[in-house]
Structures are given as structure tokens and as C-alpha cells.
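In the numbering used here, the protein residues as written are 83 to 353.
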């Protein structure tokens, strides 16, 4: 028999700073993604190296005539796919990403840059607040860094199997992250997000002039642009997986904890 709702107690789960920076990041990253796609649409192709070799992009989105109609095409290396209506050609015009995926929806590189650069600074400031609180308050050490034994192959294999079977911790056991969660969050906050900032700065002509070694860390300015684009794609993938896990594990309790900081548990339930 399941416990009565009155048996539940609410415990502290996420600090105010974690919740504030989390929801700020949700809004900021959404604007950065949409405005970034607007900027990408100005030249919907990616290259490796320092210069744009226009005849040899590793990925490109473009329109082509097919009879009396135009079709959208996406080329990745030697493969070409028809992507009419989504990539290459949509809304009766040639454009990399469709209007609903860009900010603003109309074609404007200047406006896209204004949105992107303004929210990029908000993203950096928000990140500094999060990292300062995580280091000073102990959130990083206490909640995110894997402990001794958690990185053993057996432990990781067991957690992978549990996730594949959609078996998640409940009750008091859900108050702490499992190893896969810790590794995923660290990969994002200490890897992908800083990489987004550095590759974004590497594309700035002003930064290139003052710090010419920065784009060279990524193999050139165009390689930095490619890394920026791929990092954004990986962050989108992380968000989709994260939302799916929240939905399966219990969205009401998870959202309550991230909004109010309170997480409902049943005393003695350690499953």
C-alpha cells in the first residue's frame, strides 16, 4: 500500500542561487540559440581552419532549382539530403533555418547580432554568479563532484542499465545526483558552456586583434565557428534528454524543487 500524501515531508533541494541561475539560463540560452541561428543564416555553411573555403564546406544549407520549383538541400560532407521546408528553403525563400527557429523571424543579421551579443553578456554574468556560489557555498564539491568509488566501471554500468530501464531513485535517494547526472552536469557547466564563450570570443574581430592566439586554440577562426555551432547542438541535445528524464522521473516534484526549492519525500523511502 502506498503511503498517504500526509506522510510526505518537504525538504530543501536547490538553493536560491541555483534556482535563479537555472531559470535565467533557460531564458538566456533560448534567446542565444534563436539569435545564433539568425546569424548563421547570413552564411549557412561551416568550415575547418582559419578561412572560408567556399567550395569545400563540411556542412552547408542551400536552395536549388528542380524544374519550376525550388528545393532546400543540406550537404554534410559527401552526402546531400533534401530538407525543403526546414533547412535550405522555407517560407518561399532560401534560408538556412526557418523563420520560426530564428530571432528575429525576419532576415536581419544586424538585429540577430544585437540580440545575441546582449544576451551573451547576461549569460557570462549569470555563469559567474553560479560558479562563485558553487565554489563558495560548496555546491560543486557537495553535489556535483563524484565521490570515491562512484566512477568504478561496475557502478557506472549499473546506472546505465537503470537509466535504460527507466528506473530512477525515489524518496530520500533522489535528494542526491547519481554519477551519470554528475558527469553530465559537469560536462555542460565546466565543458560545453565555457567552450561556447571561448569560441564565441574567437569569432570576434576585436578579440582576434587583441588575442590572436585564442582562435588558434581551436585551429582557426572558422574551426572556432564550427565548434561554437556543434557545442550549441550538444547543449540542445542535453536539454532534450534532461527534459525527458524529468518527465519520466516525476515532473511535478522536480519542477517544484527547481521553482520553490522544496522536494517532497516520504520518510524511510530509500528506493
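Even for Gly, the Cβ is constructed at its ideal location relative to N, Cα and C.
The model shown is predicted, which means the values in this text are computed figures rather than measured ones.
Self-check item: Exposure label - residue 313; buried when at least 16 CB within 10 Å
Solution: Only buried fits residue 313, as 16 or more other CB atoms lie within 10 angstroms of its CB.
Quiz item: Can the beta-carbon of residue 135 be found closer than 8 Å to that of residue 212?
Solution: no
Practice problem: Could you pull out every residue in the same chain whose Cβ sits closer than 8 Å to the Cβ of residue 318, ignoring the five residues on either side in sequence? | Solution: 115
Exercise. Evaluate residue 197 with the Cβ neighbour count: other Cβ atoms within 10 Å of its Cβ, from every protein chain shown; 16 or more gives buried, anything less gives exposed.
Key: buried
Quiz prompt | The alpha helix (DSSP H) enclosing residue 246, as first and last residue numbers | solution = 235 to 246
Exercise. Kindly indicate the opening and closing residues of the beta strand (DSSP E) around residue 168.
Key: Membership of residue 168 in any beta strand (DSSP E) is not indicated, and neither H nor E is assigned to it by DSSP.
Quiz prompt | N-terminal and C-terminal residue of the beta strand (DSSP E) that residue 148 is part of | solution = 141 to 148
Practice problem: Could you work out which residue in 306, 321, 329 and 132 is closest to residue 109 when comparing CA atoms only? | Solution: 321
Quiz prompt | Cβ-based neighbour list, residue 152, same chain, cut-off 6 Å, excluding 5 preceding and 5 following | solution = So the list reads 145 and 171, once near-sequence residues are dropped.
Quiz item: At a cut of 8 Å, does the stretch 184 to 192 reach the stretch 111 to 128 through at least three beta carbon pairs?
Solution: yes
Practice problem: Would you identify the three-state DSSP class for residue 196, choosing helix, strand or coil? | Solution: In the structure shown, the three-state DSSP call for residue 196 is helix.
Exercise. Rank 232, 176, 278 and 185 by C-alpha distance to the C-alpha of residue 126 and give the top, closest one.
Key: 176
Exercise. Name, in chain order, the residues that DSSP records as bridge partners for residue 164.
Key: In the DSSP output, where bridge partners are listed per residue, residue 164 has 155.
Quiz prompt | residue 344: first and last residue of the uninterrupted beta strand (DSSP E) it sits in | solution = 344 to 347
Quiz item: Considering only the beta carbon of each residue, do residue 181 and residue 173 sit closer than 8 Å?
Solution: yes
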